[in-house]
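Colleague: Numbering (our numbering), first residue to last: 264 to 425.
Cβ atoms here follow ideal geometry from the backbone N, Cα and C, with glycine treated the same way.
What you are looking at is a predicted structure, and each value in this text was computed from that prediction instead of being measured.
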Amino acid sequence: MAAALACSSSFAEKPEWAGGGKHGKGNKHDQVEQQSDQGNSDQGKKAKKNKQSAEVKVGGYFVPQQRVVVQNYYGKQFKSGHCPPGLAKKNNGCLPPGQAKKYAIGQPLPRDVVFYPVPSSVVVQLGAPPAGHKYVRVATDILLIAIGSSMVVDAIQDLGSI
264 MAAALACSSS FAEKPEWAGG GKHGKGNKHD QVEQQSDQGN SDQGKKAKKN
314 KQSAEVKVGG YFVPQQRVVV QNYYGKQFKS GHCPPGLAKK NNGCLPPGQA
364 KKYAIGQPLP RDVVFYPVPS SVVVQLGAPP AGHKYVRVAT DILLIAIGSS
414 MVVDAIQDLG SI
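Okay, here's the thing in structure tokens:
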């Protein structure tokens with residue numbers, strides 16, 4: 264009798280509503296996988312869109328109007344004989360010794376280069392930096408750098424010559 268029960272149970276098939284049917288419904292695991300695949304592709308599209316909106320052309324961010332804003336702000340300080348914070352007036356203007364062009368546009372800012380935040384009044388006039396970027400001052404230059412990698416995207420150079 265036990266043998267008959269064991270044999271008959273092996274021939275039984277699942278009903279269609281049990282998820283094992285062959286009518287294109289698939290099982291629950293497959294459906295969840297398909298949904299997560301669709302979610303990943305949607306996330307990929309969103310990430311790609313955000314990445315495109317955050318892309319900034321290296322060496323081509325600052326426009327002439329922004330350069331004028333920076334030159335007006337720092338020009339007043341230099342002409343009155345005051346150097347920005349972190350710089351002492353020497354024979355070379357306000358340029359600290361050894362800081363002359365230790366960076367290159369398109370390259371990460373070296374770790375030993377000291378930088379300072381740009382005053383908020385200047386940032387307001389420049390406009391908010393692109394997502395994932397910030398403005399900093401290095402010696403007598405204003406830089407746009409990427410947050411995290413510190414890659415120098417663009418620069419307004421040589422404020423001391425104003």
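With V385 as the anchor, note down where its beta strand (DSSP E) starts and where it stops.
Modeller: Indexing the sequence shown from 1 puts residue 385 at position 122. Counting along the chain, V385 falls outside any beta strand (DSSP E), though it belongs to the alpha helix (DSSP H) covering 383-389.
Colleague: Work out the CA separation of Q334 and L372 for me, nearest whole Å.
Modeller: Mapped onto the sequence shown, residue 372 falls at position 109. Mapped onto the sequence shown, residue 334 falls at position 71. Spanning the two alpha carbons is a distance of roughly 22 Å.
Colleague: For L406, write down the residues that DSSP places opposite it in a beta bridge.
Modeller: Start at 1 with the first residue of the sequence shown, and residue 406 comes out as number 143. Per DSSP, V399, A418.
Colleague: Mark I408 as exposed unless 16 or more other C-beta atoms lie within 10 angstroms of its C-beta, in which case mark it buried.
Modeller: As a position in the sequence shown, residue 408 is number 145, starting the count at 1. With 16 or more Cβ atoms within 10 Å of its Cβ, I408 is classed as buried.
Colleague: What does DSSP give as the partner residues of P380 in its beta bridges?
Modeller: In the sequence shown, counting from the first residue as 1, residue 380 sits at position 117. V399, per the DSSP bridge assignment.
Colleague: Rounded to whole angstroms, what's the CA-CA distance from V376 to K365? Just pull it up for me.
Modeller: Along the sequence shown, one-based indexing puts residue 376 at 113. Along the sequence shown, one-based indexing puts residue 365 at 102. So the two alpha carbons sit approximately 7 Å from each other.
Colleague: Is it buried or exposed, V387, if we count other Cβ atoms within 10 angstroms and call 16 or more buried?
Modeller: Here residue 387 refers to the residue found at position 124 of the sequence shown. Taking every protein chain shown into account, the CB of V387 has fewer than 16 other CB atoms within 10 angstroms, so this residue is exposed.
Colleague: Judging by CA-CA distance, which residue of V385, G323, Y379 is the nearest neighbour of Y337?
Modeller: As a first step, residue 337 is located in the sequence shown; it is residue number 74 there, counting from the start. That would be V385, whose Cα lies nearest to the Cα of Y337.
Colleague: Is it buried or exposed for R374, if we count other Cβ within 10 angstroms and need 16 for buried?
Modeller: Along the sequence shown, read from residue 1 onward, the residue named residue 374 stands at position 111. So R374 counts as exposed.
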